[in-house]
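For the working numbering, add 1109 to where a residue sits in the sequence shown, where the first one is 1.
Note that beta-carbon positions come from the ideal geometry of N, C-alpha and C, so glycine has one too.
All figures in this text were calculated on a predicted structure; none of them were measured in a lab.
For reference, the structure is listed below as structure tokens.
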Amino acid sequence: MNFWETVTGSDLTREWKAFEARAEALPADHRAAWEQIRIHISPCSDFTGRNLMPILDGALGLLEETAADGQSVHEVLGDDIGGFCAALTGGEGARSQRDRWCEQLNRNVAKKLGRPGG
């Protein structure tokens, strides 16, 4: 990846299109699970989304393997796709980038106001 691809995000676009092409080859129930995984994991993204690419690649690979083995989504992921995604991204209650930004903003405001803890 070169500097220009990093700045424009064209590498992410190319990678995302490859994910979507792979997902289209999945059976319907696995595709539905992929959509749910994308929805549940997206709040854990940093500003660019680069941090999620390896996680999404692994999740999609798991769905591809289980589809090839003839396993159902329920056998692999269970009933709680949200819980599965929480485990992938660091567990329930894991800090997201938004949480980090809020904490940083609160510290900066407290500093400016001269309050302790800032």
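Alpha-carbon to alpha-carbon, residue j and residue i
| i | j | result |
| --- | --- | --- |
| V1182 | A1130 | 19 Å |
| K1096 | S1154 | One cannot answer for residue 1096 here, as it falls past the ends of the chain, which runs 1110 to 1227. |
Contacting residues, own chain, Cβ-Cβ under 6 Å from residue i (five flanking each side not counted)
| i | result |
| --- | --- |
| V1185 | T1175 |
Coil, strand or helix - residue i by DSSP
| i | result |
| --- | --- |
| L1135 | coil |
| D1155 | coil |
| G1180 | A small correction: the amino acid at residue 1180 is Gln; Gly does not occupy that position in the sequence shown. Q1180: coil per DSSP, three-state reduction. |
| G1170 | helix |
Reference residue i, options the options, closest by Cα
| i | options | result |
| --- | --- | --- |
| A1177 | L1135, F1112, W1113 and K1220 | L1135 |
Sequence-distant residues of the same chain with beta carbon closer than 8 Å to residue i, five excluded per side
| i | result |
| --- | --- |
| A1142 | L1172, V1182, L1186 and I1190 |
Same chain only: Cβ atoms within 7 Å of residue i, ignoring 5 sequence neighbours per side
| i | result |
| --- | --- |
| E1124 | M1162 |
Open item on the list: Contact between the region 1186-1197 and the region 1149-1169 is defined here as three or more beta-carbon pairs at a separation below 8 Å; is this criterion met?
Closed with: In this structure the region 1186-1197 lies against the region 1149-1169, because at least three pairs of beta carbons, one per stretch, are closer than 8 Å.
Task: the region 1185-1195 touching the region 1138-1151, judged by at least three CB pairs closer than 8 Å - done: Two segments are said to touch when three or more pairs of C-beta atoms, one from each, lie closer than 8 Å; by this definition the region 1185-1195 touches the region 1138-1151.
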